[in-house]
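J.: Provided herewith is a single structure, encoded as structure tokens, for subsequent inquiry.
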Amino acid sequence: MEAAMGLMRRMPPKHSETALSALLSLIPQHSSDLLSQVDQPLQVICDVDYGKEFILCEYNRDADSYRSPWSNKYHPPLEDGPNPSPELRKLEIEANEVFAIYRDQYYEGGISSVYMWEDENEGFVACFLIKKDGSKSGHGRRGYLQEGAWDAIHVMEVGPEEEGMAHYCLTSTVMLSLTTNNESTGTFNLSGSIRRQVIYAVEYKSMVFSSYRLNPFACSRFHYESKTVST
Numbered sequence: 017m018e019a020a021m022g023l024m025r026r027m028p029p030k031h032s033e034t035a036l037s038a039l040l041s042l043i044p045q046h047s048s049d050l051l052s053q054v055d056q057p058l059q060v061i062c063d064v065d066y067g068k069e070f071i072l073c074e075y076n077r078d079a080d081s082y083r084s085p086w087s088n089k090y091h092p093p094l095e096d097g098p099n100p101s102p103e104l105r106k107l108e109i110e111a112n113e114v115f116a117i118y119r120d121q122y123y124e125g126g127i128s129s130v131y132m133w134e135d136e137n138e139g140f141v142a143c144f145l146i147k148k149d150g151s152k153s154g155h156g157r158r159g160y161l162q163e164g165a166w167d168a169i170h171v172m173e174v175g176p177e178e179e180g181m182a183h184y185c186l187t188s189t190v191m192l193s194l195t196t197n198n199e200s201t202g203t204f205n206l207s208g209s210i211r212r213q214v215i216y217a218v219e220y221k222s223m224v225f226s227s228y229r230l231n232p233f234a235c236s237r238f239h240y241e242s243k244t245v246s247t
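Counting from 17, one number per residue, gives the positions in the sequence shown under this note's numbering.
Pasting the structure below:
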């Protein structure tokens, strides 16, 4: 398993799906570990009810269906699929609107999706994803890249308050792949991925916990630790 993970860390993102499929055939006894630990380039489908695309991932999936952050419906349709509580759904809608603006201003286009759900520890989890096709035929506005892809997965775990402290864990994965092929720059190919995790606790005063726990930096002080999970 350790060798398999080492191989996947060195695999260009655009070849990760093929490599993962081969590893699943070679070591089927580790299938669940591989599928849960290996990140792959994000896929996108369209919510026909809203006419908007959304990103597919393990966090909005149930069986072979995926929940849209726009309509809150599963595609293909699925009976009794899990949905966030009304309170979290309201936050999810607001977060999708906010991060869509952030995506356009910072990434100059692309597709973003935000998903939220309750965890087993009386807290909740939020997942923010961005996918951008930076090629000339995709979302690339400057026309420098023959091929280009940016896939980012950010998972924020928000724990319940304990003795005046709120606890957070942010795990971020970024996968990059780009190729140039023109007279001015020549041919250039770069790809790779990195995962990092930040854990921090926040002390707060005279605030309603449910109203601010998505904004820890508004609190009085915080402590964090950072580590690179894999590169």
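Ideal Cβ positions, reconstructed from N, Cα and C, are used throughout, including at glycine.
Keep in mind that this is a model prediction, so the values were computed, not measured.
Taking all protein chains shown into account, decide if Ser209 is buried (16 or more other Cβ within 10 angstroms of its Cβ) or exposed.
T.: Position 193 of the sequence shown, counted from the first residue, corresponds to residue 209. Flag for Ser209 reads buried.
J.: Between the C-alpha atoms of Pro100 and Cys62, what's the straight-line distance to the nearest angstrom?
T.: On the sequence shown, position 84 is the one that residue 100 refers to. On the sequence shown, position 46 is the one that residue 62 refers to. Taking the straight line from one Cα to the other gives about 21 Å.
J.: Just to confirm before moving on: does the CB-CB distance between Ile71 and Ser129 stay below 7 Å?
T.: Your numbering for residue 71 matches position 55 in the sequence shown. Your numbering for residue 129 matches position 113 in the sequence shown. In contact: Ile71 and Ser129 (Cβ atoms closer than 7 Å).
J.: Between Glu163 and Leu194, which are expected to be in contact by the criterion C-beta below 8 Å, what is the C-beta distance as a whole number of angstroms?
T.: As a working note, residue 163 is residue 147 in the sequence shown. As a working note, residue 194 is residue 178 in the sequence shown. Rounded, the Cβ-Cβ distance is 7 Å, consistent with contact.
J.: Would you check if the distance between the CB atom of Lys148 and the CB atom of Tyr123 is smaller than 7 Å?
T.: Your numbering for residue 148 matches position 132 in the sequence shown. Your numbering for residue 123 matches position 107 in the sequence shown. A contact, by the Cβ cut-off of 7 Å.
J.: For Ala117, is the classification buried or exposed, using 16 other Cβ atoms within 10 angstroms of its Cβ as the cut-off for buried?
T.: Counted from its first residue, the sequence shown places residue 117 at position 101. The sequence shown places Ile at residue 117, not Ala. Label assigned to Ile117: exposed.
J.: Short check: CB of Thr196 to CB of Leu161, under 7 Å?
T.: Walking along the sequence shown from the start, residue 196 turns up at place 180. Walking along the sequence shown from the start, residue 161 turns up at place 145. Yes. Within cutoff.
J.: Would you grab the beta carbon distance between Val60 and Ile169 for me? Rounded to a whole angstrom, and I think it's under 8 Å.
T.: In the sequence shown, the residue the question calls residue 60 occupies position 44. In the sequence shown, the residue the question calls residue 169 occupies position 153. Incorrect: roughly 14 Å between the Cβ atoms, too far for contact.
J.: Distance check for Ala165 and His31, CA to CA, integer angstroms please.
T.: Residue numbering aside, residue 31 sits at position 15 when the sequence shown is read from its first letter. Residue numbering aside, residue 165 sits at position 149 when the sequence shown is read from its first letter. Spanning the two alpha carbons is a distance of roughly 13 Å.
J.: Could you give the DSSP three-state label for Arg26: helix, strand or coil?
T.: Mapped onto the sequence shown, residue 26 falls at position 10. Arg26 carries a coil assignment under DSSP once its states are collapsed to helix, strand and coil.
J.: Exposed or buried, what is Val218 when buried is set at 16 or more other beta-carbons lying within 10 Å of its beta-carbon?
T.: For the purposes of this step, residue 218 is taken as the residue at position 202 of the sequence shown. Val218 comes out buried.
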